[in-house]
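All letters in the sequence shown, in the order written, are residues 1 to 100 by the UniProt record's numbering.
Ideal Cβ placement from N, Cα and C applies to all residues, glycine included.
Before any comments, here is the structure.
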Amino acid sequence: MAENNEKQIKGPPASFHFKVWRHFGFYETVDGKALDKDYAICKNCFAKIKYNSNTTNLQMHLVRYHGELLSAQLTQLRCDNVAGPDHIRRSDVPNNVPAT
Numbered sequence: 001m002a003e004n005n006e007k008q009i010k011g012p013p014a015s016f017h018f019k020v021w022r023h024f025g026f027y028e029t030v031d032g033k034a035l036d037k038d039y040a041i042c043k044n045c046f047a048k049i050k051y052n053s054n055t056t057n058l059q060m061h062l063v064r065y066h067g068e069l070l071s072a073q074l075t076q077l078r079c080d081n082v083a084g085p086d087h088i089r090r091s092d093v094p095n096n097v098p099a100t
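Here it is in structure tokens:
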């Protein structure tokens with residue numbers, strides 16, 4: 001049986017809640033007992049991004065190299081947050097706008 005030398009990207013720890021982590025993970029350490037948190041791995045292009053206990057480098061990578069993913073997510077968020085006519089309350093309409 002041939003040995004598979006490809007490393008598997010493991011998801012971040014459950015305590016990492018920021019949405020940027022949808023696109024990143026970590027490789028396991030050589031002994032396989034922990035995550036190697038020196039570098040986060042992009043799940044889209046497999047780039048190794050230096051991880052310094054904050055997500056700035058990760059966010060910048062997404063902006064620079066995967067802007068289309070962010071645009072799609074923003075579009076989806078806008079669509080999800082748009083209230084249709086059934087959701088407009090009378091109190092939301094300014095007083096100077098005539099009622100129809």
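Opening and closing residue of the beta strand (DSSP E) in which residue i lies
i           : result
Y65         : Y65 -> not in any beta strand (DSSP E); alpha helix (DSSP H) instead, spanning T56 to Y65.
K7          : Element bounds for K7: n/a, residue is neither H nor E.
residue 136 : With the chain covering 1 to 100 only, the question about residue 136 has no answer from this structure.
Member of the options whose CA lies at the smallest distance from the CA of residue i
i   : options               : result
D31 : Y51, S53, K7 and T75  : K7
H61 : S15, P12 and H23      : H23
A34 : P12, Q73, T75 and A72 : P12
N54 : H17, C45 and H66      : H17
Q73 : K19, Y27 and K43      : K19
Q59 : D36, W21, F46 and T29 : W21
Cβ distance (whole Å) where residue i is taken to contact residue j below 8 Å
i           : j   : result
residue 159 : G25 : With the chain covering 1 to 100 only, the question about residue 159 has no answer from this structure.
N57         : Y65 : Wrong, their Cβ atoms sit about 12 Å apart, outside the cutoff.
Beta-bridge pairing of residue i - partner residues as DSSP gives them
i   : result
D36 : Y27
Min CB distance residue i to chain B below 9 Å
i   : result
V30 : Among the chains in the structure shown there is no chain B, since it carries only a single protein chain.
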